[in-house]
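Novice: Pasting in a structure now, in structure tokens, and then I'll have a few things to ask.
In UniProt numbering, the protein residues as written are 1 to 632.
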């Protein structure tokens, strides 16, 4: 800031915060039509250098104009717009370059004066996407790209996003094919010109494009088509067997049977099979971004536990996109969101993601049980912070607090627990509905009543906590407000839903197939419920259970395990050491660890053996978990 600007700011501060706030001079969004059409051209051909080049024509009246780069991103629930990767901004009008000023109190806002006689401005800039994962998610490789419109557009302040009309186009590398919810108006060589759409829905309609492409119809003959558009690192990864497609087709039908309605005119699963482009899962109204490993289909059994990504993101079309917490439904992408209802948006979607994975056949019964046990254990013994100083409701602030940055003690601090803790709460709700109704009502009734209206509509239908409570009361009268608030605001374990469904959570010395698969996928060993530590590749400690045996002995996530009981570290040697310590109570588990440049020996006085979570039947109660997971 220049000296004169700083002096003015300080003077303004002396007059009061209201005056100082004028520096962040961004027009508030109004629900009125934007005059004109925002025209956007993106050149996405520079995949070698991972650069998107943008040209926009933005209609505007002479005088002050504020352009916004999207900051608060739907599905991210946080202010993490990728403005750090925007470069080369040039604004012109009447053939002349116009000076622009970034707002010092709102760095996503750019101020410019439109000269007399001009009907708008032309904007050019580059989106310099990540070169490697240290800089963020990689969205361009030599074989594929993921274009998210929030990264490659500026838009005029002062309007609701849905009131801004757009015409967008993208130039792809020669011969590439694309999947998107956008409808193509015309094709000019390798340039796709899309039909007009409002800016809100444009941002909600990303593109996956690639050299190796396959499109699969998941609901043949349907009035509202559902497709899977797949890009891959190599053609060999597109060898997909009919029996692998069947559960995805069944997923569509299971969703329809439960909800009784859908909220799109067509839907696309946008799938990347890649070990180069970063994986992701992001929901949209008429599509989803589903990034998996390259061998997702060709190593089908190995990747079983990743399959619920698809049921989770698909469910968001109902829960999160169509029905959305009122404090998340903001008028544009630069108005702050409030995340208080994410335990519904993400928590119930996490619940249905796993239930529908079972109902559709993406998971078999054993895989589903293993995953429920894995999740339940976290909220039985694996989240000491939630048992003491935090609660589930407070974790809905995590997208803003941490923005998914790594945490020193994740198990103690908590990190977006509204997902899986919310899943456990909704399992509990299902058990309570069944008990109150004598088995006549279930969570399916809530799903249909709350999300299954207005078939085919895909605008936003907001809700509040009171709406959730009312719908539950309409199904089975009860003090649902107290019931939910006790679980959201309290500090007890969240395993009641397991018990009410006729199962028990137990711990044995044998890892489930799910734990084995998770360890293989993460190149880790998970001893959370025994030693109280998780160790990644090369002995790097990823987490230490707060106040667990390893923590009390002095272990921390900053360390690397070099040796176990005097021998080179490996995962099997560590498990053998834990088993040996259970047989001889005088023998601790001895670890040589490196902490910065220091080496020291830590002895963990633990003698209760390996412990892994499992579900076993409680024959004193009906088995309603099997009923819940059964295909309709």
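Backbone N, C-alpha and C define an ideal beta-carbon position, used for all residues, glycine too.
With distance defined between alpha-carbon atoms, name the residue in 122, 76, 42, 227 nearest to residue 94.
Specialist: Checking every option, the nearest Cα to that of residue 94 belongs to 122.
Novice: Between residue 155 and residue 67, what straight-line distance do the alpha-carbon atoms span, to the nearest angstrom?
Specialist: Cα to Cα, the separation comes out at about 5 angstroms.
Novice: Considering Cα atoms alone, identify which of 354, 29, 463, 516 is closest to residue 630.
Specialist: When each option's Cα is compared against that of residue 630, the closest is 354.
Novice: With a threshold of 16 other CB atoms inside 10 Å of the CB of residue 22, please say whether the residue is buried or exposed.
Specialist: Because residue 22 carries a pLDDT of 45, less than 50, the predicted location of this residue cannot be relied on, and no value is offered for it.
Novice: Which word fits residue 105, buried or exposed, when buried means at least 16 other C-beta atoms lie within 10 angstroms of its C-beta?
Specialist: Its Cβ having fewer than 16 others within 10 Å, residue 105 is exposed.
Novice: Out of curiosity, what's the CA-to-CA distance linking residue 46 and residue 112?
Specialist: C-alpha separation (whole angstroms): 29 angstroms.
Novice: Between residue 374 and residue 310, is the Cβ-Cβ spacing less than 8 angstroms?
Specialist: Contact flag unset, no.
Novice: Please go through the region 466-531 and give each complete alpha helix (DSSP H) segment of 4 or more residues, from N-terminal end onward.
Specialist: The region 466-531 contains these whole alpha helix (DSSP H) runs: 480-489, 496-500, 513-522.
Novice: With a floor of 4 residues, list each alpha helix (DSSP H) that falls wholly inside the region 543-603, ordered by position along the chain.
Specialist: Correct list: 549-553, 571-583.
Novice: Are the beta-carbon atoms belonging to residue 327 and residue 340 less than 8 angstroms from one another?
Specialist: It is a contact, given that the beta carbons lie within the stated cut-off.
Novice: From 231, 604, 329, pick the residue whose C-alpha is nearest to that of residue 533; which is it?
Specialist: Of 231, 604, 329, the residue nearest in Cα terms is 604.
Novice: Please work out which residues of its chain come closer than 7 angstroms, Cβ to Cβ, to residue 418, disregarding the five sequence neighbours upstream and downstream, and give them in chain order.
Specialist: These residues qualify, in order along the chain: 342, 343, 346, 347, 392, 395, 396.
Novice: According to the neighbour-count rule (16 or more other Cβ atoms, all chains shown, within 10 Å of its Cβ), is residue 141 buried or exposed?
Specialist: Buried is the call here.
Novice: Considering only residues of the same chain and omitting the five flanking positions on each side of residue 644, which have a CB-CB separation below 6 angstroms?
Specialist: The structure shown does not extend to residue 644, since the chain spans only 1 to 632, so no value can be given for it.
Novice: Let me know the secondary structure DSSP gives residue 21 once reduced to three states.
Specialist: Its pLDDT being 44, under 50, residue 21 is placed unreliably by the model, and the measurement read from it follows with that caveat. If DSSP states are grouped into helix, strand and coil, residue 21 belongs with the helices.
Novice: Mind checking which residues open and close the alpha helix (DSSP H) that includes residue 180?
Specialist: First-last for residue 180: 177-180, but that is the beta strand (DSSP E), not the alpha helix (DSSP H).
Novice: Tell me, which residues are paired with residue 287 by DSSP?
Specialist: DSSP lists 268 as partners of residue 287.
Novice: Considering only residues of the region 374-403, which uninterrupted alpha helix (DSSP H) runs meet the minimum length of 4 residues and lie entirely inside it, listed in chain order?
Specialist: Entirely contained in the region 374-403, the alpha helix (DSSP H) runs reaching 4 residues are, in chain order, 392-395, 398-401.
Novice: Give the DSSP-derived three-state secondary structure of residue 170 in the structure shown.
Specialist: Strand at residue 170.
Novice: Closer than 8 angstroms is the cut-off here; do at least three beta carbon pairs connect the region 126-146 with the region 37-53?
Specialist: Because the criterion of three Cβ pairs below 8 angstroms is met, the region 126-146 and the region 37-53 touch.
Novice: Does DSSP put residue 337 in a helix, a strand or coil?
Specialist: The answer is coil: DSSP assigns residue 337 none of H, G, I, E or B.
Novice: CB residue 531 to CB residue 578, shorter than 8 angstroms?
Specialist: For residue 531 and residue 578, yes; Cβs fall inside 8 angstroms.
Novice: Exposed or buried, what is residue 170 when buried is set at 16 or more other beta-carbons lying within 10 Å of its beta-carbon?
Specialist: Flag for residue 170 reads buried.
Novice: With DSSP run on the structure shown, which of helix, strand or coil describes residue 92?
Specialist: Note: residue 92 maps to strand in three-state DSSP.
Novice: Using the Cα positions of residue 44 and residue 523, report the straight-line distance between them to the nearest angstrom.
Specialist: Those two C-alpha atoms are separated by around 35 angstroms.
Novice: Could you give the DSSP three-state label for residue 429: helix, strand or coil?
Specialist: Three-state DSSP puts residue 429 in a helix.
Novice: Start and end of the alpha helix (DSSP H) containing residue 311?
Specialist: Looking at the DSSP string, the run of the alpha helix (DSSP H) that includes residue 311 is 308-315.
Novice: With H, G and I counted as helix, E and B as strand and the rest as coil, what does DSSP make of residue 66?
Specialist: In the structure shown, residue 66 sits in a strand (DSSP, three-state: E or B).
Novice: Using beta-carbon positions only, say whether residue 267 and residue 451 come within less than 8 angstroms of one another.
Specialist: Against a cut-off of 8 angstroms, the Cβ pair of residue 451 and residue 267 comes out as no contact.
Novice: Could you give the distance in angstroms between the alpha-carbon of residue 470 and the alpha-carbon of residue 431?
Specialist: For residue 470 and residue 431, the distance between alpha carbons rounds to 18 angstroms.
Novice: Does the contact criterion of 3 or more C-beta pairs under 8 angstroms hold for the region 256-273 versus the region 452-463?
Specialist: Enough Cβ pairs lie closer than 8 angstroms, so yes.
Novice: What are the partner residues of residue 646, as DSSP defines its beta bridges?
Specialist: There is simply no residue 646 to check, as the chain begins at 1 and stops at 632 in what is shown.
Novice: Helix, strand or coil, according to DSSP, for residue 261 in the structure here?
Specialist: Three-state result, residue 261: coil.
Novice: Start and end of the beta strand (DSSP E) containing residue 114?
Specialist: Run containing residue 114: 106-114, per the beta strand (DSSP E) assignment.
Novice: Helix, strand or coil for residue 326 per DSSP?
Specialist: Residue state, collapsed to three classes: helix.
Novice: Just the Cα atoms here: how many angstroms apart are residue 410 and residue 223?
Specialist: Residue 410 and residue 223: Cα-Cα distance of roughly 46 angstroms.
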